[in-house]
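Residue numbers (the working numbering): 3 to 473. The structure under discussion appears below in the form of structure tokens.
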Ligand code: AMP
Ligand code: ZN
């Protein structure tokens, strides 16, 4: 069975066939973070989703190019740069590094290319020039350049491919200040914003005077530069469908660089929001957790990644700390089973158990049905535990099961439980307990065990010595 995705463009589930005539290469573009602050785990739900798509395409044998831009010039960034008095690059560099670090903590593979908007001003200007030449963009009196939706539609193209629009009620894009510029029509959006006093030193020269690019044109310019004018998959959070992605289509197809009959993007995939008590997790509502907040509470990137990967990408998902604690318990079951299988397998090697990997693949082929895929994994854990209890696993069978898990984990990216996840102070307590036991001070050893319990850890005495386990 082939891989299928729900395509926002056609509002239906479609078989994935890449544009590459050889059927081998696949290009993905995901709208990246605006580096004005530390990203919250709602943002990371979308980036983990992009990572899942990339990893699964690789699992299916595609040679993937995964692009994620960095939006490093934008209203909020400019305001903060002005307030802080440091340079744009210095300001955004700090949050870009934090973002990359968080991405790694969450087990996401680094996108192959991460273009910054500020390093593509030349490409952005060329694209705007082309739109002006083609008569669908115009310079307004204040030096800003706008995209004319009316002219675009007049040239026989459709505006409103991802959403159904009522042109009488069309509102301007969120990131376009309505009163600021002299636009011909309310619906038109800015491609180039003329330099304003509040922009401070953040501006670039252009044929239309000093200014800076609009947000939408950045993604059109960078995605087409790297992946070509027509590429396979574009994704982002559902809030980007309109106006951001609609405007990306208008600009990119308006420039007319695609081969005849081909669209800017073949498959548009949108991830649903991470919610908190029924509301979208967002900076503006103040109901957010950053990854760092959760790490400080003792959770691991692995646990958070697992939780984010348990919900189907098109379902809104309510984030709770209880959910995260339950994720920890599920992972512990999986880890325990894997550890036992490793003990049985020893040095044996074997080809992956086909049944397990096939069930996984059938589930993910179905528009990335992670719930069914995890269901299969935990059924397998239950069966494996039963066989382990009955001593029915041979080393070869255990090795085959572990090899199948390796295949699955190349997509889920959960990895192994790292000993490094035991905090230093907890490890130190264990050492003190061992020392107390050696000194036959059993009441002290028991007190330390109780202290570890109180902090959420238990000690398992194994043949290889004591091991710490989370309660
Ligand atoms: P931003 O940094 O605001 O440009 O957002 C980066 C990405 O995070 C975009 O793809 C957004 O759609 C996505 N996003 C923002 N809030 C949420 C949320 N609560 N749940 C899932 N994705 C989100
Ligand atoms: Zn974008």
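All residues carry an ideal CB built from backbone N, CA and C; glycine is no exception.
Alpha-carbon spacing of residue i relative to residue j, whole angstroms
| i | j | result |
| --- | --- | --- |
| residue 449 | residue 305 | 29 Å |
| residue 326 | residue 299 | 11 Å |
| residue 13 | residue 255 | 20 Å |
| residue 57 | residue 452 | 43 Å |
| residue 181 | residue 120 | In this predicted model, residue 181 has a pLDDT of only 44, less than 50, meaning its place in the structure is not dependable; the value taken from the coordinates is given anyway. Cα to Cα, residue 181 sits roughly 26 Å from residue 120. |
| residue 243 | residue 314 | 18 Å |
| residue 377 | residue 406 | 15 Å |
| residue 11 | residue 90 | 36 Å |
| residue 440 | residue 433 | 11 Å |
| residue 269 | residue 374 | 23 Å |
| residue 258 | residue 372 | 38 Å |
| residue 403 | residue 381 | 13 Å |
| residue 364 | residue 59 | 13 Å |
| residue 264 | residue 134 | 22 Å |
| residue 96 | residue 36 | 12 Å |
| residue 297 | residue 104 | 10 Å |
| residue 22 | residue 5 | 16 Å |
| residue 446 | residue 338 | 29 Å |
| residue 203 | residue 137 | 31 Å |
| residue 16 | residue 8 | 6 Å |
| residue 94 | residue 86 | 12 Å |
| residue 2 | residue 284 | Residue 2 falls outside the range modelled here, since the chain spans only 3 to 473, and no answer is possible. |
| residue 321 | residue 311 | 12 Å |
| residue 426 | residue 411 | 28 Å |
| residue 355 | residue 409 | 10 Å |
| residue 352 | residue 388 | 21 Å |
| residue 44 | residue 241 | 12 Å |
| residue 266 | residue 341 | 47 Å |
| residue 437 | residue 444 | 10 Å |
Nearest-angstrom beta carbon gap, residue j and residue i [assumed within contact, 8 Å]
| i | j | result |
| --- | --- | --- |
| residue 72 | residue 38 | That pair is no contact at about 11 Å. |
| residue 55 | residue 294 | Contact flag wrong, Cβ pair sits at about 26 Å. |
| residue 68 | residue 127 | Wrong, their Cβ atoms sit about 26 Å apart, outside the cutoff. |
| residue 151 | residue 99 | Not confirmed; about 38 Å, so no contact. |
| residue 47 | residue 273 | 6 Å |
| residue 200 | residue 82 | That belief does not hold up - the Cβ atoms of residue 200 and residue 82 are roughly 12 Å apart, past 8 Å. |
| residue 226 | residue 117 | Going by Cβ atoms, the distance from residue 226 to residue 117 rounds to 11 Å, so no, they are not a contact pair. |
| residue 343 | residue 253 | Rounded, the Cβ-Cβ distance is 52 Å, inconsistent with contact. |
| residue 413 | residue 366 | 7 Å |
| residue 319 | residue 370 | The Cβ separation is near 14 Å, so there is no contact. |
Proximal residues to residue i (C-beta, below 6 Å), its chain only, five neighbours per side dropped
| i | result |
| --- | --- |
| residue 303 | 107 and 108 |
| residue 167 | none |
| residue 361 | 378 |
| residue 260 | 231 and 232 |
| residue 422 | With a pLDDT of only 48 at residue 422, under the threshold of 50, the placement of this residue in the model should not be trusted, and no figure is reported. |
| residue 329 | 305, 308 and 309 |
| residue 350 | 397, 398 and 401 |
| residue 212 | 197 and 205 |
| residue 239 | 48 and 273 |
| residue 175 | Only weak support exists for where residue 175 lies, its pLDDT of 49 falling under 50; the value from the coordinates is given anyway. Cβ within range, chain order: 191 and 245. |
| residue 474 | In the structure as shown, the chain begins at 3 and stops at 473. Residue 474 is therefore absent and cannot be evaluated. |
| residue 428 | 459 |
Spatial neighbours of residue i in its chain, beta-carbon cut-off 8 Å, leaving aside the 5 residues before and after
| i | result |
| --- | --- |
| residue 281 | 287 and 289 |
| residue 164 | 10, 11, 243, 244, 247, 248, 251 and 270 |
| residue 64 | 20, 26, 27 and 28 |
| residue 279 | 289 and 320 |
Paired residues, beta bridge with residue i - DSSP
| i | result |
| --- | --- |
| residue 9 | 14 |
| residue 233 | 267 |
| residue 226 | Residue 226 pairs with nothing; no bridge assigned. |
| residue 163 | DSSP output for residue 163 lists no bridge partner at all. |
| residue 32 | 70 and 237 |
| residue 469 | 462 |
| residue 368 | 6 |
| residue 282 | 277 |
Own chain, CB closer than 7 Å to residue i, minus 5 neighbours either side, in chain order
| i | result |
| --- | --- |
| residue 221 | 33, 71 and 250 |
| residue 210 | 141, 145, 147 and 194 |
| residue 110 | 49, 50 and 53 |
| residue 301 | 326 |
| residue 208 | 127 and 194 |
| residue 183 | In this prediction, residue 183 scores a pLDDT of 46, lower than 50, which makes its location untrustworthy; the coordinate-derived value is nonetheless stated afterwards. Cβ neighbours of residue 183 beyond the five flanking positions: 142, 144, 146 and 192. |
| residue 316 | 8 and 274 |
| residue 431 | 450, 453 and 454 |
| residue 419 | 337 |
| residue 219 | 126, 129, 130, 193 and 253 |
| residue 139 | 130, 133, 147, 148, 149, 150 and 193 |
| residue 386 | 339, 343 and 403 |
| residue 335 | 383 |
Quiz item: For the ligand ZN, which residues count as neighbours when the test is a C-beta closer than 5 Å to any heavy atom?
Solution: With the cut-off at 5 Å, the residues found are 33 and 221.
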